[in-house]
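Read through the structure below, which is laid out as structure tokens, and then see the notes.
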DNA sequence: CAAAGATACATAAGAATCTAATGTATCGTT
DNA sequence: AACGATACATTAGATTCTTATGTATCTTTG
């Protein structure tokens, strides 16, 4: 089962930031594959969604980039900046908190029904 | 603290459906107030977001409506249709599942760091 | 009793962000 | 040689939310 795309909305940026926090340095394609692998195919990040997000993180100064050549093929690595690390902590704790609230909302009557 | 609006994206429809499943019959304004109350002000549903969503649920046949007059003031009640009840179960279990996956993603390195 | 705030509906322009498609190019395998 | 995987990127269109606006009634308070 693949989650409906609307669920991914709003969490993509947080997922990317968290992955970068855990792995120091990643490139776009690698991120799509890692997420797919970690979520057992349930979250599929499309390139059309990922690249604009990465570019936005860069222009917000949350990540820095370095280009590397693997043979003749370009690979663009992303690394968290100091402000990116701070932002990641904020985003992760906000999402964690949000999920607690949502769990509460979804459980309300189910418990007694 | 109020959750950033992007987090609400994609979950609004599910929240509304779940509330209707628990309460049989609710009107728009009541939904905004109930969510605010249940989440201790952390989720604020604006009318500009709610009404289009309710109208969409109606045109998808997931809810039926009945208008009631309180004095001279109109109140529009929404009730889940049979297909709405089925949809609610699907949406709630998908979101629950999604949150488990997200929790896993967010916990990965935190555990060992 | 007038004003302000709460109740209650609704729409609409603009912003943000994702999907799906398309494009370019290299590398490895069969 | 052809195909699939790797790797970047952009764009038209769809979706959905924000912010503002509009209308109208009811309740509370100075």
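Chains as they are written, first to last, in the numbering used here: chain B, 318 to 430; chain F, 318 to 430. Beta carbons: idealized from backbone N, C-alpha and C, even for Gly.
Within 7 Å (strictly less), CB to CB, does residue 407/B reach chain F?
Taking the first residue of the first chain as position 1, residue 407/B is located at position 90. No, residue 407/B does not count as interfacial toward chain F.
DSSP state of residue 383/F mapped onto helix, strand, coil
Walking along the second chain from the start, residue 383/F turns up at place 66. Strand.
Residues of chain B with CB under 9 Å from residue 400/F, in chain order?
Within the second chain, the letter at position 83 stands for residue 400/F. Near residue 400/F there are no residues of chain B at all, since even the closest Cβ is about 17 Å away, more than 9 Å.
Would you kindly work out how many angstroms separate the C-alpha atoms of residue 351/F and residue 404/F, rounded to a whole number?
For the purposes of this step, residue 351/F is taken as the residue at position 34 of the second chain. For the purposes of this step, residue 404/F is taken as the residue at position 87 of the second chain. Whole-angstrom Cα-Cα distance: 21 Å.
Burial state of residue 328/F (16 or more Cβ within 10 Å)
As a position in the second chain, residue 328/F is number 11, starting the count at 1. Burial call: buried.
Who are the Cβ neighbours of residue 412/B in its own chain at under 8 Å, not counting the five residues just before and after it?
Taking the first chain and counting its residues from 1, the one referred to as residue 412/B is at position 95. A distance below 8 Å between beta-carbons, with the five flanking residues on each side excluded, links residue 412/B to the following residues of its chain, in chain order: 328 and 331.
Just checking: is the beta-carbon of residue 343/F within a distance shorter than 7 Å of some beta-carbon in chain B?
For this step, residue 343/F is matched to residue 26 along the second chain. Chain B contact via Cβ: absent.
Whole-angstrom Cβ separation of residue 381/B and residue 393/B, contact assumed at under 8 Å?
Here residue 381/B corresponds to residue number 64 of the first chain, with the count starting at 1. Here residue 393/B corresponds to residue number 76 of the first chain, with the count starting at 1. Approximately 11 Å separates the beta-carbon atoms of residue 381/B and residue 393/B; this is outside 8 Å, ruling out the contact.
Could you work out which residue in 408/F, 346/F and 418/F is closest to residue 395/F when comparing CA atoms only?
Position 78 of the second chain, counted from the start, is the residue given in the question as residue 395/F. With respect to the C-alpha of residue 395/F, the residue from 408/F, 346/F and 418/F having the closest C-alpha is 346/F.
At the level of alpha carbons, what is the spacing between residue 360/B and residue 363/F?
Numbered from 1 along the first chain, position 43 holds the residue referred to as residue 360/B. Numbered from 1 along the second chain, position 46 holds the residue referred to as residue 363/F. Going from the Cα of residue 360/B to the Cα of residue 363/F covers about 29 Å.
From residue 402/F to residue 337/F, what does the alpha carbon distance come to, in whole angstroms?
Along the second chain, one-based indexing puts residue 402/F at 85. Along the second chain, one-based indexing puts residue 337/F at 20. So the two alpha carbons sit approximately 9 Å from each other.
With C-beta atoms as the reference, is residue 409/F less than 7 Å away from residue 422/B?
The count along the second chain starts at 1 and reaches residue 409/F at position 92. The count along the first chain starts at 1 and reaches residue 422/B at position 105. Going by C-beta atoms, residue 409/F is not nearer than 7 Å to residue 422/B.
Using a Cβ-Cβ cut-off of 7 Å (strictly less than) and excluding sequence neighbours within five positions of residue 367/F, which residues of its own chain qualify?
Translated into the one-based positions of the second chain, residue 367/F becomes position 50. Closer than 7 Å at the Cβ level, and outside the excluded window around residue 367/F, lie 345, 348 and 349.
Which of the residues in the segment 409-428 of chain B, read from start to end, lie with their CB under 7 Å from any CB of chain F?
Cβ contacts with chain F: 409, 411, 412, 413, 415, 416, 418, 419, 420, 422, 423, 425 and 426.
Could you please give the first and the last residue of the uninterrupted beta strand (DSSP E) stretch that includes residue 397/F?
For this step, residue 397/F is matched to residue 80 along the second chain. First-last of the beta strand (DSSP E) with residue 397/F: 390-397.
Please confirm if residue 363/B has its CB atom under 7 Å from at least one CB of chain F.
On the first chain, residue 363/B is found 46 positions in, with the first residue counted as 1. Chain F has no Cβ within less than 7 Å of the Cβ of residue 363/B.
Members of the segment 330-356 of chain F that neighbour chain B once the beta carbon cut-off is set at 9 Å:
Those would be 330, 331, 332, 335, 336, 338, 339, 340, 352, 355 and 356, in chain order.
Other residues of its chain near residue 297/F: CB distance less than 7 Å, five sequence neighbours each side excluded:
Missing from the structure shown is residue 297/F; chain F here goes from 318 to 430 and no further.
Quick test of your reading: residue 339/B and residue 425/F, contact by CB under 8 Å. State the CB separation rounded to the nearest angstrom.
Within the first chain, the letter at position 22 stands for residue 339/B. Within the second chain, the letter at position 108 stands for residue 425/F. About 6 Å; that satisfies the 8 Å criterion.
Let me see if you follow: with CB-CB separation under 7 Å, is residue 324/B close to chain F or not?
The residue you call residue 324/B lines up with position 7 of the first chain. Yes, contact with chain F.
Taking residue 341/B as the reference, give the member of 387/B, 416/B and 379/B with the closest Cα.
For the purposes of this step, residue 341/B is taken as residue 24 along the first chain, with counting starting at 1. Shortest Cα-Cα distance from residue 341/B to any of 387/B, 416/B and 379/B involves 379/B.
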